[in-house]
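Colleague: Residue numbers (the UniProt record's numbering): 1 to 527.
1. In terms of residue numbering, what span does the beta strand (DSSP E) encompassing residue 504 cover?
2. Helix, strand or coil: how does DSSP classify residue 372 here?
3. Taking the beta strand (DSSP E) that residue 469 falls in, what are its first and last residues?
4. Classify residue 52 as buried or exposed, calling it buried when 16 or more other Cβ atoms lie within 10 Å of its own Cβ.
5. What's the gap between the Cα of residue 120 and the Cα of residue 290?
6. Starting from residue 342, trace the alpha helix (DSSP H) both ways and give me its first and last residue.
7. Can you tell me whether DSSP reads residue 73 as helix, strand or coil?
8. Have a look at 360, 317, 299 and 324 and flag the residue whose alpha-carbon is nearest the alpha-carbon of residue 331.
9. Is the distance from the Cβ of residue 341 to the Cβ of residue 421 below 8 Å?
10. Roughly how many angstroms separate the alpha carbons of residue 297 and residue 137, rounded to a whole number?
11. To which residues of the same chain is residue 327 closer than 7 Å at the C-beta, ignoring the five residues directly before and after it?
12. To the nearest angstrom, how far is the alpha carbon of residue 37 from that of residue 413?
13. Hey, could you find the ends of the alpha helix (DSSP H) residue 361 is sitting in?
14. Considering only residues of the same chain and omitting the five flanking positions on each side of residue 346, which have a CB-CB separation below 7 Å?
15. Figure out for me which residue from 417, 365, 400 and 436 has the closest Cα to the Cα of residue 390.
16. Which two residues bound the contiguous alpha helix (DSSP H) that contains residue 141?
17. Going by Cα to Cα distance, which pick from 500, 368 and 415 is closest to residue 311?
18. Can you list, in chain order, the residues of its chain whose CB lies under 6 Å from that of residue 502, leaving out five sequence neighbours each side?
19. Which of helix, strand or coil does DSSP assign to residue 398?
20. Can a CB atom of chain B be found closer than 8 Å to the CB of residue 312?
21. Have a look at 438, 160 and 444 and flag the residue whose alpha-carbon is nearest the alpha-carbon of residue 363.
22. Look at the alpha carbon of residue 221 and the alpha carbon of residue 126, and state the distance between them as a whole number of angstroms.
23. Name, in chain order, the residues that DSSP records as bridge partners for residue 200.
24. Does the region 155-166 come within contact of the region 215-233, defined as at least 3 CB pairs closer than 8 Å?
25. Express the C-alpha separation of residue 243 and residue 282 in angstroms, rounding to a whole number.
26. From 354, 335 and 388, pick the residue whose C-alpha is nearest to that of residue 409; which is it?
27. Would you decide whether residue 357 is buried or exposed? Buried here means 16 or more other CB atoms lie within 10 Å of its CB.
28. Count the other C-beta atoms from every protein chain shown that fall within 10 angstroms of the C-beta of residue 353, then say buried if there are 16 or more, exposed otherwise.
29. Taking Cβ positions, are residue 207 and residue 128 nearer each other than 8 Å?
30. Can you tell which of 522, 506 and 504 has the C-alpha that lies nearest to the C-alpha of residue 492?
31. Quick check on this structure: which residue in 179, 494 and 145 has the alpha carbon closest to the alpha carbon of residue 525?
32. Quick check: what's the CA-CA separation for residue 464 versus residue 329?
33. Got a sec, what are the start and stop residues for the alpha helix (DSSP H) residue 172 sits in?
34. Exposed or buried, what is residue 217 when buried is set at 16 or more other beta-carbons lying within 10 Å of its beta-carbon?
35. Name the residue from 262, 263 and 277 whose alpha carbon lies nearest to the alpha carbon of residue 269.
36. Could you check whether residue 145 and residue 236 sit closer than 8 Å to each other, using their CB atoms as the reference points?
Given below as structure tokens:
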């Protein structure tokens, strides 16, 4: 009898609950919550827990031939030949000895608890560019939201890293001004904020200094202690210094025994060529599975709800095509100008800053076909099909402009070119509108009107879906010459004051036949 022993750890999967139909274990899954969504993952752990893998009375030959005689079924049982065999056949011995070597439920639980033991690992999140506007307004509040909802591990540390000189206390004071408990407010909100801020620290350094990142590494190790350290670097910095920061973080501050990952914020290059060059440069220091490209706008509640609204409500999916939709408007407006960020903004403009990422992502989600599943790859594949079907943009379908000086609430605001951080004579657009077309069977001929601008009358972001006129409408005369009043419109207000409402035609109460438009309204704050 020869006994095989494991010399390397190979990945296997077992259920923590015994199958009702077999003494063997069936596959199970554990749930991982990210941004409110459940992602199912098999519980995998090393087969090193059972040193004696397979006692066999066979010679070493190909695994393919072995599987001709012994087949593992889905429930973990062994399929045996139908023909009767004697009690002491080599096959029966093989089956009995194999099943006896499978780890028990207790062994599996023990191994699983060791592998996923939260006390044995820690996550260190470093926000590179922590003094910037994006970090203050978006990243730190988002991290607090994860902590507030219990989505961060038990042991975690957050470090801010930037060139600005700042103490830990100053960082916490800066961050505390932007933290909120969002929609679901609870009594312990202030207590949670205090606990979160105690996990936030700061280190000042140059983005291209390996010495400064080595100093950061020492501070991270002090907080990580003897635990397995997993490190995440969030690059909230301009793209022209991505490579310097990644090089220094990789060589001087990456984890020795855990994983190291990098989140790259938009804009990811200025065009296709620079984006490809940036990817190539990043891969000198990172593997592709370490790089996460992010568009934070996709985390907004109404953007996440877009696919739910369409694919889980029968009344909308049949209407989602050229047959019923006249146009789709994607509108983004801000009521403030660059306000000291002109140096960054002037390098990109409103098209690169807002339209080709935030609004184009929303457009792709809105127009895509039903994906095979909710897996990231399947959704991405459908979005790519939309982008590949888009007609090249023509100059006559685009309008651009800049905001001038204006007065609002008795306060006079300077024009874009009057901003001290903007180069004199700049022609960078602060407003742009474009008509986009998707040349496929679903959307042929439907204009997608994209509009974005700074220093406009109000701050808003919304999707407006205007439906076609009712053929042979009996009530056209009641609307007079304004036929647009007769059309239905679905409005998804992304910000502020999130809401979804559908404009419908309705009779005004009374003896006459007067029509008016009313809203079927889902107001998020009230709901």
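Each residue gets a CB set at the ideal place from its N, CA and C atoms; glycine is no exception.
Modeller: This is what the structure holds:
1. 499-507
2. Correct three-state label for residue 372: coil.
3. Element bounds for residue 469: n/a, residue is neither H nor E.
4. Interpretation of residue 52 is limited by its pLDDT of 33, a score under 50 that renders its predicted location unreliable; the figure taken from the coordinates is listed afterwards. So residue 52 counts as exposed.
5. 22 Å
6. 342-345
7. Low local confidence applies: a pLDDT of 37 at residue 73 is under 50, so the model's placement there is unreliable, with the coordinate-based value given in what follows. Coil.
8. The shortest C-alpha separation from residue 331 is found at 360.
9. yes
10. 13 Å
11. 446, 447, 449 and 466
12. Residue placement at residue 37 cannot be trusted, given a pLDDT of 43 that sits under 50; the coordinates are not used to answer.
13. Unbroken alpha helix (DSSP H) run through residue 361: 360-367.
14. 422, 423, 426 and 428
15. 436
16. It spans 140-148 - the alpha helix (DSSP H) in which residue 141 sits, taken as one unbroken run.
17. 368
18. Only 490 and 520 meet the Cβ criterion.
19. strand
20. Included in the structure is just one protein chain, with no chain B present.
21. 438
22. 13 Å
23. 158
24. yes
25. Computed Cα separation, rounded: 6 Å.
26. 335
27. buried
28. buried
29. yes
30. 522
31. Comparing Cα-Cα distances from residue 525 to each of 179, 494 and 145, the minimum goes to 494.
32. 5 Å
33. 168-176
34. buried
35. 277
36. no
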